[in-house]
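Using my numbering, the first residue of the sequence shown is number -13, and each one after it goes up by one. All C-beta atoms in this analysis are idealised placements derived from N, C-alpha and C, irrespective of residue type, glycine included. Below is one structure, written out as structure tokens; the observations come after it.
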Amino acid sequence: MNSGPHPIPKIENDKGEFVDKPKDQYTSANWKRLTKNSKAKHILYCGLDANEYNHISTCDTAQQI
């Protein structure tokens, strides 16, 4: 992926910590990025055998794979 990873959007809470953005606050751009990442991960998963899949199944973004 040339445009970079598309992890779950984060927002800053009252304590200054970055937490996952609630899904009801996602913008259409957030949904579009997450959909692209999900499709890319699915394509990569389909081309792997069971051992390779187990090794990378915990990756959050397609770029990490």
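Asked: Buried or exposed (CB count within 10 angstroms, at least 16 for buried), Asn40; Found: exposed
Asked: Inter-residue spacing [alpha-carbon to alpha-carbon] between Ala15 and Ala36; Found: 33 Å
Asked: Straight-line gap, Cys32 to Asp46 (C-alpha atoms, nearest Å); Found: 16 Å
Asked: Secondary structure of Glu38, DSSP reduced to three states; Found: helix
Asked: Cβ shell of Leu30 (< 7 Å), same chain only, five flanking positions each side left out; Found: Ala48, Ile51
Asked: Distance between His28 and Thr21 (C-alpha atoms, nearest Å); Found: 11 Å
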